[in-house]
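Undergrad: If you count the sequence shown from 1, position 450 lands on 450 in full-length UniProt numbering, and the numbers rise without skipping. Even for Gly, the Cβ is constructed at its ideal location relative to N, Cα and C. This structure is in structure tokens; I'll ask about it shortly.
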Amino acid sequence: INHAVTLVGWDDNYPASNFLNPPSGDGAWIIKNSWGTEWGDEGYFYLSYYDTSFNTQNPQQYPYYAAYLFNNTVPYNKNYQTDAGQLNNFVDQYKYFSNTYTALEDDLIAAVGTYFDSDGVDYEFDIYVNGVLKHTQNGVSPFAGYHTIKLTQYVPISANDTFKVVFKSSSLPFEYNSRHHHKENVSFGSVDGVNWEDLGKDNVTAILKVYTIPMESVIIQAEDIVMYYKNGTRFEVKLFDSQGNPFANENITLFINGVSYNRTTDENGSASIAINLNPGNYTCSVSYIGRENYTNSTVENTISVLSTIRGNDLVKIFRNESQYYATFLDGQGNPLAEGTNVTFNINGVFYTRQVNGSEGKAKLNINLEAGKYIITAYHPFNNQTHSNNITVLSRVIDNDDLVKYYRNGSQYVVTILGSDGKVVGAGENVTFNINGVMYTRRTNESGQAKLNINLDPGNYTITAMYNDCRVSNNIEVLPVLFAEDLVKKYGISDQFKALLVDGQGNPFPNQHITFNINGVFYQRTTNDEGYAALNIRLGSPNDSYIITSSFNGTNISNKITIVD
Numbered sequence: 001i002n003h004a005v006t007l008v009g010w011d012d013n014y015p016a017s018n019f020l021n022p023p024s025g026d027g028a029w030i031i032k033n034s035w036g037t038e039w040g041d042e043g044y045f046y047l048s049y050y051d052t053s054f055n056t057q058n059p060q061q062y063p064y065y066a067a068y069l070f071n072n073t074v075p076y077n078k079n080y081q082t083d084a085g086q087l088n089n090f091v092d093q094y095k096y097f098s099n100t101y102t103a104l105e106d107d108l109i110a111a112v113g114t115y116f117d118s119d120g121v122d123y124e125f126d127i128y129v130n131g132v133l134k135h136t137q138n139g140v141s142p143f144a145g146y147h148t149i150k151l152t153q154y155v156p157i158s159a160n161d162t163f164k165v166v167f168k169s170s171s172l173p174f175e176y177n178s179r180h181h182h183k184e185n186v187s188f189g190s191v192d193g194v195n196w197e198d199l200g201k202d203n204v205t206a207i208l209k210v211y212t213i214p215m216e217s218v219i220i221q222a223e224d225i226v227m228y229y230k231n232g233t234r235f236e237v238k239l240f241d242s243q244g245n246p247f248a249n250e251n252i253t254l255f256i257n258g259v260s261y262n263r264t265t266d267e268n269g270s271a272s273i274a275i276n277l278n279p280g281n282y283t284c285s286v287s288y289i290g291r292e293n294y295t296n297s298t299v300e301n302t303i304s305v306l307s308t309i310r311g312n313d314l315v316k317i318f319r320n321e322s323q324y325y326a327t328f329l330d331g332q333g334n335p336l337a338e339g340t341n342v343t344f345n346i347n348g349v350f351y352t353r354q355v356n357g358s359e360g361k362a363k364l365n366i367n368l369e370a371g372k373y374i375i376t377a378y379h380p381f382n383n384q385t386h387s388n389n390i391t392v393l394s395r396v397i398d399n400d401d402l403v404k405y406y407r408n409g410s411q412y413v414v415t416i417l418g419s420d421g422k423v424v425g426a427g428e429n430v431t432f433n434i435n436g437v438m439y440t441r442r443t444n445e446s447g448q449a450k451l452n453i454n455l456d457p458g459n460y461t462i463t464a465m466y467n468d469c470r471v472s473n474n475i476e477v478l479p480v481l482f483a484e485d486l487v488k489k490y491g492i493s494d495q496f497k498a499l500l501v502d503g504q505g506n507p508f509p510n511q512h513i514t515f516n517i518n519g520v521f522y523q524r525t526t527n528d529e530g531y532a533a534l535n536i537r538l539g540s541p542n543d544s545y546i547i548t549s550s551f552n553g554t555n556i557s558n559k560i561t562i563v564d
């Protein structure tokens, strides 16, 4: 091949008589030459359908001639190529060749094209996108010449992706020394498919083209839905192509509440799924994975499931008039009929109550002790459950554990609330139980009731009661008088000491402590450090005595032992 021209059209009725040597029939190709407008008819000429001049070349010098079949039925949108459209020759020693391209837009690789030096050539090629193998295909060349090979499966590419075709054939078709400058690191040849030579270094390129088609958009049509719990509503999806035609027998994926569901569209392009979710708001993602030349598509919708039970958290004062109410609805949001049985569960106990009135309401009286509870209402028809928090507040508040020293001024104090949650005024009776003894005290203007604690040192439980509401606390009375057992040697004078502290635990000077030993009473005064001392002279060896120390009604006993 020593010259290339471009076929731009044809005329089946072009007269054979117009040719200098008339062919056997009418009809001719319209061809544009590459020698400018001064040549021929403004650079164009006619070539008879019956012209056989291409077949008269010297077979030793020009062994190849080609027939071009115009059978492309796919409207390719891009032709990626490194050659200028001219085949110079084949290199038999190279059995592998590859070209690398950068994607201009989001498209689908639909075909590759190359030359074969004869028919019946076994070929195989791989397509890589960003270094990842995406497609492998093989076949046999149908004729000598250029052949466009349609892919058995389209390969998607995105703008700026790098993709490469690696082709194995009987020889490498190439172009060299064209007006087009061939870049390095684009086109490669190889003998074994392992070791590659950069053809661009010699201004050579392998003829290996890539054809793409545009991706067609797929339309997913779905609407947000608002529904009542388990009322039979389905989430519906419709799939259309870009012309609005239904897309039947296509797989879609719905992702709802962390779970994936697969559905197939029917003849109308429709698919649906039942919604059995608990009340709440959900996002439903619908995805279609494109096939052939169709794009991936995803849409998101909101699914709002409304409760058929309505109830609110309740905070109430112990046994006041506030109660728990729940409203029960059917699947269309209408109140359940009066007299319908419904169920409540609180504190582990089930109660059956009836809907009262036309608004679907049912009531449960809350007569529980002060505390926090969870109440659950059960729908009689769709098995929905609905829970709320119930907080019962005590009528007796501000009650705290008390730690005090013996007979200091500290009191046990509580505040009383009325049914309205407000502090009561003066004159309300409050009962206290401590150490088995009942005491009744009246509230002051601040709603407080107070009890003096004059018990001996020790730990006690106190209970305050008002209108059947009761609270309990711990009372710890600390001692103010301390002493230790004494061991003394016979005939040697010694002292027994007792320590006295005041109501705040500090040493209590100048106070009189009474000692009782062997039936005789002695009174001593505490010093600045709170100690009172009694000289011990009595006794014989191995005698022992009990000594009792007393102050302001509190007594402690210790043992005095005489040793030899």
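1. Figure out for me which residue from G539, L104, R395 has the closest Cα to the Cα of G447.
2. Which residue's Cα is closest to the Cα of I492: G530, Q523, N535, F521?
3. Helix, strand or coil, according to DSSP, for S540 in the structure here?
4. In its own chain, which residues sit with a C-beta less than 7 Å from the C-beta of P279, not counting the 5 before and 5 after it?
5. What's the call for V210, buried or exposed, on a 16-neighbour Cβ count within 10 Å?
6. Taking only three categories from DSSP, how would you classify L478?
7. Give the single residue among P507, N506, S550 whose Cα lies nearest to the Cα of R524.
8. Tell me where the beta strand (DSSP E) around W196 begins and ends.
9. Which residues does DSSP list as the beta-bridge partners of R470?
10. Which residue spans inside the stretch 183-248 form an unbroken alpha helix (DSSP H) run of at least 4?
11. I need the boundaries of the beta strand (DSSP E) containing T162, first residue and last residue.
12. Looking at D543 and I562, is the spacing between their C-beta atoms short of 8 Å?
13. Quick check: the stretch 399-407 against the stretch 418-432, are there 3 or more CB pairs under 8 Å?
14. Alpha carbon to alpha carbon, how far is A28 from G9? Give it in angstroms, no decimals.
15. Note down the Cα distance separating D313 from E484, rounded to an integer number of angstroms.
16. Indicate the three-state DSSP secondary structure (helix, strand or coil) for S17 in the structure shown.
17. Going along the chain, which unbroken runs of the alpha helix (DSSP H) with 4 or more residues stay wholly within the stretch 354-382?
18. Return the first residue and the last residue of the beta strand (DSSP E) that T385 is part of.
19. For the beta strand (DSSP E) containing K559, name the first residue and the last one.
20. List the whole-angstrom C-beta distance separating T233 from N251, where the pair is believed to meet the contact cut-off of C-beta under 8 Å.
21. Rounding to the nearest angstrom, what Cα-Cα distance links T352 and G331 in this structure?
22. In terms of residue numbering, what span does the beta strand (DSSP E) encompassing N130 cover?
23. Going by C-alpha distance, which of V112, N388, F116, L87 is nearest F125?
24. On the CB-based measure, 16 or more other CB atoms within 10 Å of its CB, does L336 come out buried or exposed?
25. For D11, which beta-bridge partners are listed by DSSP?
26. So, with DSSP's three-state summary, where would you put S549?
27. Around the C-beta of R179, are 16 or more other C-beta atoms found within 10 angstroms, so that it is buried, or is it exposed?
28. Between the Cα of A464 and those of L7, R442, N281, spot the shortest distance and give me the residue it belongs to.
29. What whole-angstrom Cβ distance do N130 and T162 have, given they're in contact under 8 Å?
30. Bridge partners for G311 per DSSP, in chain order?
31. Return the residue from the list Y80, K450, K168, Q153 that minimises the CA-CA distance to G189.
32. Between V84 and H182, what straight-line distance do the alpha-carbon atoms span, to the nearest angstrom?
33. What do you reckon, is the C-beta of V430 under 7 Å from a heavy atom of the ligand HEM?
34. Tell me, please, which residues DSSP counts as bridged to V424.
35. DSSP three-state call for S285: helix, strand or coil?
36. If you draw a straight line from the alpha carbon of N454 to that of K497, how long is it in whole angstroms?
TA: For this structure:
1. R395
2. N535
3. coil
4. Y229, V305, L306, S307
5. buried
6. strand
7. S550
8. 196-198
9. M465
10. none
11. 162-168
12. yes
13. no
14. 9 Å
15. 59 Å
16. helix
17. none
18. 385-393
19. 554-563
20. Contact flag wrong, Cβ pair sits at about 23 Å.
21. 22 Å
22. Segment: none, N130 is in no beta strand (DSSP E) and carries neither H nor E.
23. V112
24. buried
25. A28
26. strand
27. exposed
28. R442
29. 6 Å
30. A326
31. K168
32. First, the residue type needs correcting, since residue 84 is Ala and not Val in the sequence shown. The straight-line gap from Cα to Cα measures roughly 10 Å.
33. With respect to the ligand HEM, the structure offers nothing, as it holds no ligand at all.
34. Per DSSP, none; premise fails for V424.
35. strand
36. 25 Å
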